[in-house]
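Below: the structure, in structure tokens.
Number of protein chains: 2
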Amino acid sequence: MTVSGSNGVPAKTVERLVVYRRLLQKLAEQGDTHVHSHEIAELANNSAAQVRRDLMIIGYSGSPAKGYDVKDLINRINRLFEKKGGQKVALVGIGKLGRALLAYFNLRQPRLKIVAAFDNDAEKIDTETHGCKCYHIDEMTRVISEEGITVGIVTVPAAVAQHVTDLMLMAGVTGILNFAPTRLKVPALAVVDDVDIATKLEKVAFFCD
Amino acid sequence: MTVSGSNGVPAKTVERLVVYRRLLQKLAEQGDTHVHSHEIAELANNSAAQVRRDLMIIGYSGSPAKGYDVKDLINRINRLFEKKGGQKVALVGIGKLGRALLAYFNLRQPRLKIVAAFDNDAEKIDTETHGCKCYHIDEMTRVISEEGITVGIVTVPAAVAQHVTDLMLMAGVTGILNFAPTRLKVPALAVVDDVDIATKLEKVAFFCD
DNA sequence: TAGTGTGAAATAGTTCACAGCC
DNA sequence: GGCTGTGAACTATTTCACACTA
């Protein structure tokens, strides 16, 4: 199953909320306390109506006079994400891309830490990259269940992606971000999202003339 | 402007066609000559009706008896993509992610070669990574127009992404794949697609329970 | 009086269902 | 009998439009 609004909030809205939060944080840093829908809309470039609807969906109200309270709204969005359980993340496949992701998330991102990385290359085992311990694939099941990890990132070659996925699911992972250029088969209760870079690039190349 | 069916073919369909081609190539390698819509559908996991519709859109017909001719269909899809002009790609920002992408595209992908990479770090200049020459940002305008590059990949920090984008657009790039966590402002005739990894991960974490 | 909340219309995208063909 | 091509139905998402409010 692909991501969808199994919750109350539709997937598209969730995606946009993450973007809004990023923008709001920037606004908060530069001291803005209130913001109007059309201002958020412009930064996120979508329509003001969309922003209002998204915020309505999560039950947040602004005032016509001042707009939306920046701090308050950030908290509201955070609460929405935090009430969810598993925020521990595992990464499988410590190649170039894997390391780039480790650096990205564990240096910049405060939430959603990657707490364990796995590979089958003996050289990489037991090293520590960006504050994240590297284990052999064989230890994956153990580590994932011990740590209570629920989100996995797959950056292995397409040929082994399904195998790795199956192992992760069995160990207790329920959400997977897949960078391998294959569609993963998962049970209906698990969630997969694909980041298919090659396809995206082809698409851009196709539509630009 | 975001990618859309400014052409005849809707963006979603293009995306799926790229996936189909990948699957078809695998089938061709293992000697299959014909394939049915529901077989493609299963591999790509969407519905058979969808596959049929997508192929109908690009004007390809199968026969009820044998299904679709694999080789022929690959050619048909390739022709669709090749008739488009610019397939030369530039990458800006030779960080970890940039290098991972260089490795990915220039080792595996036969089409869509990244022919030039740019960074402002003096150390990286004039080296050659994965068959791709690295230049200083200041040379970008020159190199892009000389080489006739039309597609750009942005892997620089968010703070400079817009600046880099503007330079690229001015030099003649019309399609951009953006990895920086910002929405880029571009003129209506240019095409941008975002690969917002952090957002995707948040989304997966949100929907898995 | 500009900006919010929200029903209603419009648009985009997906699946159904069935005629026609091999 | 199972598969394709395709209109029609259905679903999801976006935008419009306007009453309402501070």
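Residue numbers (my numbering), protein chains in the order written: chain A, -7 to 201; chain B, -7 to 201.
All C-beta atoms, glycine included, are put in the ideal place defined by N, C-alpha and C.
Please read these numbers as outputs of a predicted model, since none were measured by experiment.
Rounding to the nearest angstrom, what Cα-Cα distance links A/Ser55 and A/Ala3 in this structure? 26 Å
Beta-bridge partners of B/Ser55, as assigned by DSSP: B/Gly59
Could you confirm whether any beta carbon from chain B is found closer than 8 Å to the beta carbon of A/Asn37? yes
Would you check if there are 3 or more beta carbon pairs closer than 8 Å linking the segment 121 to 129 of chain A to the segment 179 to 196 of chain A? no
Where B/Gly(-3) and A/Phe199 are concerned, what is the direct C-alpha to C-alpha distance, given to the nearest angstrom? Here B/Gly(-3) scores only 45 on pLDDT, less than 50, and its place in the model should not be relied on; the value that follows carries that caveat. If I take the Cα positions, the gap works out to 8 Å.
Who are the neighbours of A/Arg14 on chain B, taking C-beta pairs under 7 Å? Pro173
Length of the line joining the Cα atoms of B/Ile145 and B/Lys88: 14 Å
Have a look at the DSSP bridge pairing and note the partners of A/His128. A/Asp111
Chain B within 8 Å of A/Glu194, Cβ atoms only: yes
If the cut is a Cβ gap below 9 Å, which residues of chain A does B/Glu7 touch? Asp188, Thr191, Lys192, Glu194 and Lys195
Own chain, CB closer than 6 Å to B/Met(-7), minus 5 neighbours either side, in chain order: Residue confidence is low: B/Met(-7) scores 49 on pLDDT, short of 50, so the model does not pin down where it sits. Its coordinate-derived value is still stated next. If we look at B/Met(-7) and ignore the five residues flanking it on each side, its Cβ neighbours are Ala180.
Verify whether the separation of the beta carbon atoms of A/Val143 and A/Val81 is less than 8 Å. yes
Could you confirm whether any beta carbon from chain A is found closer than 8 Å to the beta carbon of B/Ala95? yes
Taking the beta carbon of A/Asp203 as the centre, do at least 16 other beta carbons fall within 10 Å, making it buried, or is it exposed? Outside the displayed range of chain A (-7 to 201) lies residue 203 of chain A, so it cannot be described from this structure.
What does B/Val11 reach in chain A if we use C-beta pairs closer than 9 Å? Pro173, Arg175, Asp188 and Thr191
Chain B residues whose Cβ lies nearer than 8 Å to that of A/Leu3: It should be pointed out that residue 3 of chain A corresponds to Ala in this sequence rather than to Leu. Within 8 Å Cβ-Cβ: Lys195 and Phe199.
What residue does the beta strand (DSSP E) around A/Lys186 start on, and which one ends it? The residue asked about is misnamed: residue 186 of chain A is Asp in this sequence, not Lys. Counting along the chain, the beta strand (DSSP E) containing A/Asp186 begins and ends at Val183 to Asp186.
Give me the chain B residues within the contact set of A/Thr157, using Cβ-Cβ distance strictly less than 8 Å, ordered along the chain. Within chain B, no residue comes near A/Thr157; the closest Cβ sits about 13 Å away, beyond 8 Å.
Out of A/Ser39, A/Ile49 and A/Ala33, which has the shortest C-alpha to C-alpha gap to A/Gly0? A/Ile49
Are A/Ser147 and A/Gly85 closer than 8 Å when you measure CB to CB? Checking the sequence shown, residue 147 of chain A turns out to be Thr, not Ser. The answer is yes: Cβ separation under 8 Å.
With burial defined as no fewer than 16 other Cβ atoms inside 10 Å of the residue's Cβ, what is the status of A/Gly90: buried or exposed? buried
Can you name, in chain order, every residue of its own chain whose Cβ lies under 8 Å from the Cβ of B/Asp61, other than the five neighbours on each side? Thr25, His26 and Gly54
Once the 5 residues before and after B/Ile66 are set aside, which same chain residues still bring their CB inside 8 Å of it? Arg13, Leu16, Gln17 and Ala20
Delimiting residues of the alpha helix (DSSP H) encompassing A/Ile49: Ala40 to Ile49
Between B/Gln22 and chain A, is the shortest Cβ-Cβ distance under 8 Å, so that the two count as touching? no
What do you reckon, are the CB atoms on A/Leu104 and A/Leu94 nearer than 8 Å? no
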